[in-house]
Amino acid sequence: MPFQDFDTITLGHGGGGKLTQKLLEKGVFSLLNNDWLNSQGDAANLFLNGEYAFSTDSFVVSPIIFPGGTIGDLAVNGTINDLAVSGAAPIYLSLSFILEEGLPMNQFWEILVSIRDACIRTGVKVVTGDTKVVEKGKGDKIFINTTGIGKIHPKARLSMKNIRSGDKILLSGAPARHGVTIMSKRQGLEFETTLTSDTRPLHEICQQLLDEFGNSVRFMRDPTRGGVATVLHDVVRQTGLGIEIHENSLPLENEVAGACEMLGLDPLFVANEGLFVCIVNHEISENCLRTLHSWENGSQASIIGEIVDEHPGGVLLHSKIGGKRMLPQASGELLPRIC
Amino acid sequence: MKYLDEFRNAELVDKLLSKIRKTVTRGWNIMEVCGGQTHGLVRHGILDMLPPQIRMIHGPGCPVCVTPAALIDMAIDLSLRPEVILCTYGDMLRVPGNTISMQQARAKGADIRILYSPLEAVQIAVNNPGKEVVFFAVGFETTAPANALSVLHAYKAGLSNYSILSAHVMVPPAIEAIMSDPETAINGFLAAGHVCTVMGLSEYEPLVKRWKVPIVVTGFEPVDLLEGIWMVVSQLEKGEYKLENQYRRVVEKDGNRKAIELVRDVFEHRSREWRGIGEIPLSGLFVRDKFRDYDALIKFDNLVKHAESQYDCRSGDVMKGKIKPPECPHFGTKCTPEFPLGAPMVSSEGACAAYFQYAQK
Chain A
465 MPFQDFDTIT
475 LGHGGGGKLT
485 QKLLEKGVFS
495 LLNNDWLNSQ
505 GDAANLFLNG
515 EYAFSTDSFV
525 VSPIIFPGGT
535 IGDLAVNGTI
545 NDLAVSGAAP
555 IYLSLSFILE
565 EGLPMNQFWE
575 ILVSIRDACI
585 RTGVKVVTGD
595 TKVVEKGKGD
605 KIFINTTGIG
615 KIHPKARLSM
625 KNIRSGDKIL
635 LSGAPARHGV
645 TIMSKRQGLE
655 FETTLTSDTR
665 PLHEICQQLL
675 DEFGNSVRFM
685 RDPTRGGVAT
695 VLHDVVRQTG
705 LGIEIHENSL
715 PLENEVAGAC
725 EMLGLDPLFV
735 ANEGLFVCIV
745 NHEISENCLR
755 TLHSWENGSQ
765 ASIIGEIVDE
775 HPGGVLLHSK
785 IGGKRMLPQA
795 SGELLPRIC
Chain B
4 MKYLDEFRNA
14 ELVDKLLSKI
24 RKTVTRGWNI
34 MEVCGGQTHG
44 LVRHGILDML
54 PPQIRMIHGP
64 GCPVCVTPAA
74 LIDMAIDLSL
84 RPEVILCTYG
94 DMLRVPGNTI
104 SMQQARAKGA
114 DIRILYSPLE
124 AVQIAVNNPG
134 KEVVFFAVGF
144 ETTAPANALS
154 VLHAYKAGLS
164 NYSILSAHVM
174 VPPAIEAIMS
184 DPETAINGFL
194 AAGHVCTVMG
204 LSEYEPLVKR
214 WKVPIVVTGF
224 EPVDLLEGIW
234 MVVSQLEKGE
244 YKLENQYRRV
254 VEKDGNRKAI
264 ELVRDVFEHR
274 SREWRGIGEI
284 PLSGLFVRDK
294 FRDYDALIKF
304 DNLVKHAESQ
314 YDCRSGDVMK
324 GKIKPPECPH
334 FGTKCTPEFP
344 LGAPMVSSEG
354 ACAAYFQYAQ
364 K
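Written as structure tokens, this is what we have:
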């Protein structure tokens, strides 16, 4: 990290004095350079007009730097995606760090650079933020909170309440990539993969779907923690309808499927960062799939199932071999099976 | 995916199902011994595809489920000592002991690490010379060789801060215990393919002869399971009882000699308490005296000793096939995967959890 006198974060960097000033000016502000940050006010003044979505998320992933991303671009993309699946085009972000004393300065720099790159790629502006430092042992290297504001698409009528029996369930790509990548790098679990996280912003494709299909898109959600299965369970719980999905239609990458077999995990329960579930009127489902396929990250998009009146509150999976089972809900921490 | 797709082939599954349907003429109770097989039956939706005459009974082959609460208490006691790093396999974390689970112990500050291999625990011991590293060694014959190897590695390296808390159990004594129960309802067994990969077939021949019961060593994928079931049903319908090997692509008659030697060098057989089932003679693997320095039971004195408490849990009856999980009065009410009364509700391989997930609707 340029122009810093320390090679690690110290408590002094959170003290609000000269060290803090230097860290922010030479580090954060120089990278994320914009009028709001440069004015260094206590709050950002924003001009808003119309309907907006507002969302917040905290990021505590370990390891903080992983194949395909860092906790930094994860924090930017994560909040952008919460806005995106709510039908909003993200505009502004807040960015807060809780740093643990001893975090290597070069890692913090790498994370800041990834934040800048994610902002440039998506066009969002970080307009306010905060930095705190906690004593060693009181945190885990770095925690990041981002809060975002985005303008709702005029045609968006997204709500679980609009979901009807017969609607189709689309998945924008292959699941479980992020979770398996992270697990493969956890201490004590390192195994050889060439997998990278799927962290990426989803707002452009979500906006495009709303442009083309308007209120025929009933509901969208990005299946992060708890995976695709957890989103499906949220839907049946809140709508009182049922869901049927087809194992044959699930796009699974060989390497992800192999790692899941080895680790004893079900890919439907593993976390994703650049994937979304989209529930649409069945009449437009094929067209919607075509649009997803035309998206640069959507080649594996698939219609994985449908909303049904039967078994209300339950998700039924048709297995590859023609069997059926109710998909369970994830319970607590995702623990690998023994044998 | 190679080696999986072939054994999840819908056409082959159909063929095997129709063979089973053509063969079966009356009701049979078949126990799949291993939790991995239970998981396969549930995950692929096979239970409902079988003809109604065939009742699959989920056996005691889930290591997490049969580990006594008293041993879990000891592991928790160790984990809460500031000098100890306790390592174990993931599923163990949620299983309640007599007081709390390891997950709760971790929240109290215990250093508990989830590993996939005990050799990683040895490495943790090397890296943390100021700490005592204890590996909570649960499992059947499948995990025993790796756990034995960890003791040998530590022994050869002269490590003084590594030990294992052995909760190992063996399959053949469990089959013996199930068959010697006068109320047993089991007509045939699918033996656990991976256990036999290690140990070979020799221990099963005497069981077949003594109890006049078909045993088919079986794999874990849908085609394996259905072929195994078909082989058992064919024997039963003909009034035969033989030891057969469905899992020929993996299991050899003599097993893995190197692994068997490792286990024999490090462990000896003694009686062991099985959670929910009771004591089974010579069913446990204990660290031999030669390696006493690596036996946590000897190394740490005054380990907490709770008597095995009497639960409302009827897991023993479930694992012996006397009742099905939903027939337990607490199934799904007082006992759920989030708040389990007994271990079979915890592990994804546990019979109760498998039923709970499958039969929610």
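Residue numbers (our numbering), protein chains in the order written: chain A, 465 to 803; chain B, 4 to 364.
Glycine included, every Cβ here is placed at the ideal spot set by N, Cα and C.
All of these numbers come straight from a predicted model, not from anything done at the bench.
Residue i to residue j span [Cα, whole Å]
i, j, result
"Lys5 of chain B", "Cys724 of chain A", "14 Å"
"Glu35 of chain B", "Leu673 of chain A", "49 Å"
"Val16 of chain B", "Ser783 of chain A", "12 Å"
"Thr688 of chain A", "Arg628 of chain A", "24 Å"
"Val588 of chain A", "Gly38 of chain B", "50 Å"
"Cys670 of chain A", "Arg24 of chain B", "49 Å"
"Tyr358 of chain B", "Leu44 of chain B", "11 Å"
"Gly281 of chain B", "Ser82 of chain B", "26 Å"
"Ser3 of chain B", "Ala170 of chain B", "Nothing about residue 3 of chain B can be reported from this structure: the residues present for chain B run from 4 to 364 only."
"Asn751 of chain A", "Ser550 of chain A", "21 Å"
"Ser763 of chain A", "Gly491 of chain A", "38 Å"
"Arg275 of chain B", "Gly287 of chain B", "5 Å"
"Gln793 of chain A", "Arg97 of chain B", "16 Å"
"Thr70 of chain B", "Trp277 of chain B", "6 Å"
"Glu110 of chain B", "Gly603 of chain A", "As written in the sequence, residue 110 of chain B is Ala, which differs from the Glu given in the question. Cα to Cα, the separation comes out at about 15 Å."
"Phe493 of chain A", "Gly532 of chain A", "25 Å"
"Gly505 of chain A", "Pro639 of chain A", "42 Å"
"Asp546 of chain A", "Ser522 of chain A", "12 Å"
"Asp686 of chain A", "Glu774 of chain A", "25 Å"
"Glu264 of chain B", "Trp214 of chain B", "28 Å"
"Glu123 of chain B", "Ile555 of chain A", "46 Å"
"Glu179 of chain B", "Ile117 of chain B", "33 Å"
"Leu285 of chain B", "Val211 of chain B", "19 Å"
"Thr187 of chain B", "Glu271 of chain B", "29 Å"
"Leu193 of chain B", "Ile232 of chain B", "7 Å"
Anticipated Cβ contact below 8 Å, residue i with residue j, distance rounded
i, j, result
"Ile33 of chain B", "Asn190 of chain B", "7 Å"
"Pro217 of chain B", "Glu243 of chain B", "7 Å"
"Leu696 of chain A", "Val779 of chain A", "5 Å"
"Met182 of chain B", "Gly258 of chain B", "About 22 Å; that fails the 8 Å criterion."
"Gly612 of chain A", "Leu739 of chain A", "That pair is no contact at about 19 Å."
"Tyr165 of chain B", "Tyr297 of chain B", "6 Å"
"Ala517 of chain A", "Gly614 of chain A", "5 Å"
"Ala177 of chain B", "Ile283 of chain B", "6 Å"
"Ala354 of chain B", "Pro340 of chain B", "13 Å between Cβ atoms; not a contact."
"Val741 of chain A", "Val692 of chain A", "6 Å"
"Leu557 of chain A", "Thr534 of chain A", "Between Thr534 of chain A and Leu557 of chain A the Cβ distance is about 16 Å, and since that is not below 8 Å, they are no contact."
Neighbourhood of residue i by C-beta, 6 Å cutoff - its chain only, sequence neighbours within 5 removed
i, result
"Ala508 of chain A", "Trp500, Val591, Thr592"
"Lys605 of chain A", "Ile528, Glu564, Leu567"
"Thr200 of chain B", "Val253, Val254"
"Pro175 of chain B", "Glu206"
"Lys364 of chain B", "Unreliable positioning characterises Lys364 of chain B in this predicted model, as indicated by a pLDDT of 40, which lies under 50. The coordinate reading is nonetheless provided below. Here the set comprises nothing."
"Pro121 of chain B", "Phe138, Ala149, Asn150, Ser153"
Beta-carbon neighbours of residue i, restricted to chain B and to distances below 7 Å
i, result
"Lys784 of chain A", "Arg11, Ala13"
Residues that residue i contacts on chain A, provided the C-beta gap is smaller than 9 Å
i, result
"Leu7 of chain B", "Ala721, Gly722, Glu725"
"Pro225 of chain B", "Ser783, Lys784, Ile785, Gly787"
8 Å Cβ shell around residue i - same chain, five flanking residues per side excluded
i, result
"Phe10 of chain B", "Gly222, Glu224, Pro225, Val226, Asp227"
"His309 of chain B", "Ala72, Ala73, Asp76, Gly100, Asn101, Thr102"
"His667 of chain A", "Ile544, Asn545, Leu547, Ala548, Ala552, Ala553, Pro554, Thr586, Gly614"
"Asp268 of chain B", "Ala151, Leu155, Arg291"
Cβ neighbours of residue i in the same chain (closer than 7 Å, five flanking residues each side left out)
i, result
"Glu230 of chain B", "Leu19, Gln249"
"Gly48 of chain B", "none"
"Asn12 of chain B", "Val226"
"Thr663 of chain A", "Gly532, Gly533, Asp537, Leu538, Asn541, His642, Glu737, Gly738"
"Met52 of chain B", "Leu20"
"Phe470 of chain A", "Met569"
Listed by chain order, chain A residues near residue i by CB distance under 7 Å
i, result
"Asp51 of chain B", "Gly787, Lys788"
"Pro71 of chain B", "Result: empty, since nearest Cβ-Cβ is about 17 Å, beyond 7 Å."
Under 8 Å by beta carbon: chain B residues contacting residue i
i, result
"Asn718 of chain A", "Met4"
Contacts that residue i makes with chain A (C-beta to C-beta distance below 8 Å)
i, result
"His47 of chain B", "Ser783, Lys784, Ile785, Gly787, Arg789"
"Val16 of chain B", "Ile785, Gly786"
Worksheet item: Do the region 569–589 of chain A and the region 627–636 of chain A touch if we need at least three Cβ pairs shorter than 8 Å?
Response: no
Item to complete: Could you tell me whether the region 314–327 of chain B touches the region 84–93 of chain B, using the rule of 3 or more Cβ pairs below 8 Å?
Response: no
Worksheet item: Does the region 751–762 of chain A come close enough to the region 324–339 of chain B that 3 or more CB-CB pairs lie under 8 Å?
Response: no
Discussion item. Measuring CB atoms only, is the region 51–71 of chain B touching the region 140–155 of chain B, in the sense that at least three cross pairs come out at less than 8 Å?
Written reply: yes
Worksheet item: Given 8 Å as the limit, is there contact between the region 609–621 of chain A and the region 675–691 of chain A, that is, 3 or more CB pairs closer than that?
Response: yes
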